[in-house]
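Residue numbers (this note's numbering), protein chains in the order written: chain A, 129 to 532; chain B, 129 to 532.
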């Protein structure tokens with residue numbers, strides 16, 4: 129008799145967004161005349177920029193002609209895309225990341241979920257709390273996290289690094305053994321950042337303690353502060369301890385096009401084995417490349433026209449972020465993030481719970497956000513708003529909240 | 129200190145195609161004037177059909193406008209695609225597979241590699257020999273296959289089911305315990321098929337013995353014989369024991385567009401757990417959907433115009449297959465497959481090895497094929513040719529082989 133992966137059954141279920149959906153549906157039924165504004169999920173709303181649309185059309189035409197048709201893509205991704213990433217995302221910032229250390233994929237979520245597979249089951253993972261759920265869940269499914277304590281909302285073998293207003297959302301170096309450290313900066317969900325000197329401490333810790341850092345830089349495009357690193361490879365020694373994951377979803381609106389990449393430096397080894405060769409093996413065995421037309425779209429992100437258009441698109445969302453940040457401050461809220469990130473993290477007023485504030489915001493303002501407790505126990509008492517709506521809706525949401 | 133997944137290190141390395149590439153490169157350097165014909169790899173050469181190109185352009189335009197832009201796709205895939213698959217691939221053949229049992233993905237290779245993850249580590253897998261390497265390699269990486277015997281080319285915990293000319297390429301039901309049985313029909317690499325009564329035996333065996341069948345039907349579009357099932361769900365009882373994986377790569381030339389799907393019937397359970405919910409959880413945690421534009425391209429595969437164009441495209445490759453099959457027979461070879469599949473499997477002449485025949489074909493005819501031993505020990509003494517070249521090249525290759 130075949131058996132199933134019992135570790136899957138340990139997952140408590142992703143009730144957060146389904147609970148939100150249920151509450152929203154009930155509210156809409158009771159208040160059909162009220163127009164809801166959704167600042168909850170992390171999906172973008174602006175259309176794909178013209179330079180990228182043009183590149184897509186051109187690539188589609190190529191696929192329709194025998195002499196320009198493209199079949200299976202190279203395992204690591206097309207050279208035209210990897211080389212422009214190497215040049216513009218890394219070498220332009222002084223990071224010596226060559227094209228052959230870049231693995232193009234169908235998105236940062238896949239890479240975030242799959243990367244744990246190249247590590248042994250016995251590794252202890254450390255995550256910020258609150259945290260993007262994929263890091264923890266993918267390790268639960270691999271049997272790496274021990275038992276779930278449903279009252280605490282924590283796993284017995286996971287090292288949690290609380291990020292709260294008390295520590296300025298800067299996690300402390302783990303006191304317990306931690307082998308694989310997940311860091312996401314600019315941070316989802318808090319919208320906060322680490323300055324270069326702070327990130328350097330983590331790189332030094334990893335090198336000194338034989339840990340590896342999985343650095344999720346999906347929101348890099350939102351950084352405008354000067355002392356915030358865009359890549360972990362801006363820190364000395366990161367190539368011997370860090371893997372970096374990037375996305376095209378938030379800088380170029382590719383949530384529905386699917387493109388991302390992961391950097392595994394050739395200097396990153398464990399007992400003589402290059403992690404690069406392990407990840408290459410995973411790519412070669414369980415993946416068959418991102419679509420040619422989407423890789424051409426990715427290339428257009430780095431063109432002069434593409435960059436100009438995307439600067440505007442990111443500026444649009446950053447204006448939303450500033451509108452939320454300033455508006456909520458005006459309304460008397462304690463607000464964080466939102467400067468170098470598309471997320472605004474706020475403290476719920478009068479110590480009410482995340483879910484109580486969700487209900488209040490829905491009923492009194494018709495605005496949907498995300499309860500902070502959905503991202504981990506230290507998210508209780510906090511709430512996330514996102515900058516990915518339209519500007520008009522964002523302003524309207526703030527006005528409604530001010531009128532509460 | 130972090131550790132790596134040691135099971136990755138057990139993989140003997142995929143030398144097959146790199147060895148082929150090296151030999152071809154050396155030959156080309158020595159014979160720069162000679163034009164090589166490649167009938168080795170399984171990649172297609174015909175461009176994407178006009179109806180699909182049109183659908184892609186339309187979807188690209190939608191992505192460029194705010195009111196028709198599409199962000200994150202639904203976890204299982206868009207309803208418009210899943211419902212047409214349900215209707216045309218299944219219900220039209222009498223298989224009651226509903227849209228909500230279909231999971232759209234970025235291709236059959238990803239699904240073939242990832243599906244093992246929802247099963248326990250202790251399961252014993254059974255594979256045909258020769259076999260598509262992904263089934264075995266993905267289980268090696270999960271630590272499910274025991275130790276490798278490099279002289280035999282086999283894993284200690286894998287049940288091998290030889291498929292050779294002696295048994296008409298029909299595998300025998302496993303005598304040893306087998307929990308997860310991989311079957312690929314029409315078969316890669318042998319190009320042979322199972323008739324419905326033969327496949328029914330496997331379904332009955334699985335139901336009686338508590339095994340699960342992973343049925344890879346990537347080459348379904350090439351079936352023209354009447355008694356060959358297009359789906360395992362044409363067999364009675366398959367919904368309680370079988371998962372089916374399908375591809376758009378070979379019926380519609382999507383090798384570079386990336387689209388596939390997997391059917392997990394809701395009737396398929398283990399100790400009360402629905403495999404459907406496990407696969408849904410994997411999709412939800414480690415994948416973020418196939419691109420909207422590619423799912424629209426997939427929908428066009430099922431349109432009247434798309435179907436008409438793709439019938440021609442498949443007929444084109446089937447003509448190549450017949451050209452190879454008949455031509456090789458004329459030339460005195462013992463040849464198999466090629467009727468309901470794009471692969472032709474031939475016995476090497478005078479008992480020479482697969483690699484010796486590879487060298488002979490390369491040097492004497494300038495034709496590149498794939499040594500059968502690359503697909504497993506029972507592939508030694510066999511050789512694979514594919515029908516995915518152009519018709520002109522295919523004819524020329526056969527003429528050259530006849531002149532050897």
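For every residue, glycine included, the Cβ atom is placed at its ideal position computed from N, Cα and C.
A quick note: this is a predicted structure, and the numbers were derived from the prediction, not measured.
Tell me whether residue i is buried or exposed, calling it buried when 16 or more other Cβ atoms sit within 10 Å of its Cβ.
| i | result |
| --- | --- |
| residue 216 of chain A | exposed |
| residue 338 of chain A | exposed |
| residue 229 of chain B | buried |
| residue 366 of chain A | buried |
| residue 235 of chain A | buried |
| residue 379 of chain A | buried |
| residue 178 of chain B | exposed |
| residue 204 of chain B | buried |
| residue 368 of chain A | exposed |
| residue 468 of chain A | buried |
| residue 160 of chain A | exposed |
| residue 221 of chain B | exposed |
| residue 439 of chain B | exposed |
| residue 238 of chain B | buried |
| residue 470 of chain A | buried |
| residue 388 of chain B | buried |
| residue 146 of chain B | exposed |
At least one CB of chain A closer than 8 Å to the CB of residue i: is that the case?
| i | result |
| --- | --- |
| residue 193 of chain B | yes |
| residue 237 of chain B | yes |
| residue 362 of chain B | no |
| residue 289 of chain B | no |
| residue 262 of chain B | yes |
| residue 203 of chain B | no |
| residue 339 of chain B | yes |
| residue 342 of chain B | no |
Report the residue from the options whose alpha carbon sits nearest the alpha carbon of residue i.
| i | options | result |
| --- | --- | --- |
| residue 416 of chain A | B:411, B:385, B:423, B:390 | B:385 |
| residue 274 of chain B | B:134, B:224, B:483 | B:134 |
| residue 394 of chain B | B:457, B:478, B:162, B:224 | B:224 |
| residue 506 of chain A | A:292, A:299, A:157 | A:292 |
| residue 314 of chain A | A:436, A:327, A:481 | A:327 |
| residue 427 of chain B | B:186, B:129, B:168 | B:186 |
| residue 458 of chain A | A:285, A:531, A:446 | A:531 |
| residue 294 of chain B | B:516, B:475, B:501 | B:475 |
| residue 285 of chain B | B:503, B:301, B:264 | B:264 |
| residue 487 of chain B | B:518, B:300, B:148 | B:148 |
| residue 482 of chain B | B:495, B:512, B:455 | B:512 |
Does DSSP put residue i in a helix, in a strand, or in coil?
| i | result |
| --- | --- |
| residue 208 of chain A | helix |
| residue 474 of chain A | strand |
| residue 507 of chain A | helix |
| residue 294 of chain A | helix |
| residue 405 of chain B | helix |
| residue 277 of chain A | strand |
| residue 444 of chain A | helix |
| residue 260 of chain B | coil |
| residue 327 of chain B | helix |
| residue 534 of chain B | An answer regarding residue 534 of chain B cannot be provided, because it is not within the stretch 129 to 532 covered by chain B. |
| residue 462 of chain A | strand |
Chain B beta carbons: is any one of them nearer than 8 Å to that of residue i?
| i | result |
| --- | --- |
| residue 149 of chain A | no |
| residue 73 of chain A | In the structure as shown, chain A begins at 129 and stops at 532. Residue 73 of chain A is therefore absent and cannot be evaluated. |
| residue 371 of chain A | no |
| residue 384 of chain A | yes |
| residue 302 of chain A | no |
| residue 185 of chain A | yes |
| residue 266 of chain A | yes |
| residue 175 of chain A | yes |
| residue 401 of chain A | yes |
| residue 394 of chain A | no |
| residue 130 of chain A | yes |
| residue 285 of chain A | no |
Less than 8 Å between the CB atoms is what I'm expecting for residue i and residue j, so what's the real figure, rounded?
| i | j | result |
| --- | --- | --- |
| residue 258 of chain A | residue 175 of chain A | Contact doesn't hold; Cβ gap of about 31 Å is too wide. |
| residue 188 of chain A | residue 181 of chain B | 6 Å |
| residue 164 of chain A | residue 156 of chain A | 7 Å |
| residue 246 of chain A | residue 406 of chain A | 4 Å |
Mind pulling the chain D residues with CB within less than 7 Å of residue i?
| i | result |
| --- | --- |
| residue 198 of chain A | Going by chain labels, chain D is absent from the structure shown, which instead holds the protein chains A and B. |
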